[in-house]
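Visitor: Residue numbers (full-length UniProt numbering): 1 to 69.
For every residue, glycine included, the Cβ atom is placed at its ideal position computed from N, Cα and C.
Can you read through this structure? Questions will come right after.
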């Protein structure tokens, strides 16, 4: 699970495994596999970092992924 911030500054926790795509146009939109779209304040790069960290925590990525030790 990762925490994102809705446009009204309300935090929202979402299941990162359900993220289908992230678009930055320049606003950031997360589309889930359910078809739901979220408009969030975080940048695409920040979301990718959060998702990568989450995947490492649950063992989907090795700890050294993306140059990490």
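Pick from 27, 21, 58, 20: whose alpha carbon is nearest that of residue 5?
Guide: That would be 27, whose Cα lies nearest to the Cα of residue 5.
Visitor: Tell me which same chain residues have a C-beta within less than 7 Å of the C-beta of residue 32, skipping the five on either side of it?
Guide: 18, 19, 20.
Visitor: Using CA atoms only, rank isn't needed, just tell me which of 13, 15, 41 is closest to residue 7.
Guide: Nearest C-alpha to residue 7: 41.
Visitor: Sorted by chain position, which residues of the same chain lie with C-beta nearer than 6 Å to residue 50's C-beta, five sequence neighbours on each side aside?
Guide: Around residue 50: 2.
Visitor: Spatial neighbours of residue 12 within its chain, please: C-beta separation below 6 Å, excluding the five flanking residues on both sides.
Guide: Here the set comprises 4, 6.
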